[in-house]
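Be aware that the sequence shown starts at -18, since it is given in my numbering, and climbs by one per residue.
Glycine included, every Cβ here is placed at the ideal spot set by N, Cα and C.
For reference, the structure discussed in these notes is given below.
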Amino acid sequence: KVEAALDLILINSFPLVGNSETSLICITSKWRSRESITIDRDQEDVANQHREPLEVSEDSKRATAKMVMWKREKASETIGAYYCEGKLKDEVTRIHTMKMPRGASFHPVALTVTANKGEHVNISFIRMAAKEEDAVIYKNGSFIHSVPRHEVPGELEVSYPQVQLQDAGVYSARYIGGNLFTSAYTRLIVRRKFL
């Protein structure tokens, strides 16, 4: 018996959204149908993101792809967490990505950080703008860390000496007076270790 694997690719045209068009494209293998894939917002991990349903369409250039396209005037509606999901029999595969404002006060070092349970992990954000405000970091919308305004370094960091499964989630950084439109995001994925 031969088992098939689900190939899935998610293309995020501009993770840092400015005043331009941006898109997400979810692609699966040639031998899969478009109906086996979807793109959606990850509402659980980012509070206050836009709630309107996505306008997902078939990609005219690729037979096995779906896409979401935002025009320039809708750029502010793109900020948040997204996933591309593929289904093969009873198996569901998800790929996650983020879209955040280009003008955010901090930018993540990586959109996604992946680690095995028990490994040392640093989640880092680079300061893009200096302000006379405290910097704050949230996990899944809940406050976890702050740095007084006179001590904000060039790189904000959350460190886990031995990361655990419950540490996984979406981390955001901003100045305390900021909001969704000035926040930077990254996702921490923690895998179970297989021996």
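Candidates the options: which alpha carbon is nearest residue i's?
| i | options | result |
| --- | --- | --- |
| G158 | P142, V151 and P129 | P129 |
| S105 | K98, K47, E58 and T93 | T93 |
| H101 | Y141, N121, D115 and A110 | Y141 |
| V117 | F87, K98 and G99 | F87 |
| R43 | V73, I8 and E54 | I8 |
| G122 | D21, A46 and N160 | N160 |
Write down the C-beta distance between residue i and residue j rounded to the nearest angstrom, noting that I regard them as a contact closer than 8 Å.
| i | j | result |
| --- | --- | --- |
| I76 | L(-11) | 6 Å |
| K68 | E2 | Going by Cβ atoms, the distance from K68 to E2 rounds to 29 Å, so no, they are not a contact pair. |
| A96 | V151 | Contact doesn't hold; Cβ gap of about 15 Å is too wide. |
Which residue comes first and which comes last in the beta strand (DSSP E) that contains residue i?
| i | result |
| --- | --- |
| D21 | I18 to R22 |
| T59 | Neither: T59 is in no beta strand (DSSP E) and is coded neither H nor E. |
| F(-5) | Element bounds for F(-5): n/a, residue is neither H nor E. |
| K80 | E72 to P82 |
| F87 | F87 to P89 |
To the nearest angstrom, report how far apart residue i and residue j are at their CA atoms.
| i | j | result |
| --- | --- | --- |
| E114 | D23 | 29 Å |
| A165 | R108 | 10 Å |
| K120 | S127 | 12 Å |
| T78 | R168 | 8 Å |
Do the segment 139 to 149 and the segment 164 to 172 touch if we need at least three Cβ pairs shorter than 8 Å? yes
Would the segment 135 to 142 and the segment 52 to 65 be scored as touching if the rule is three or more Cβ pairs under 8 Å? no
At least three beta-carbon pairs within less than 8 Å, the segment 38 to 48 to the segment 78 to 97: Output reads no: the segment 78 to 97 does not touch the segment 38 to 48.
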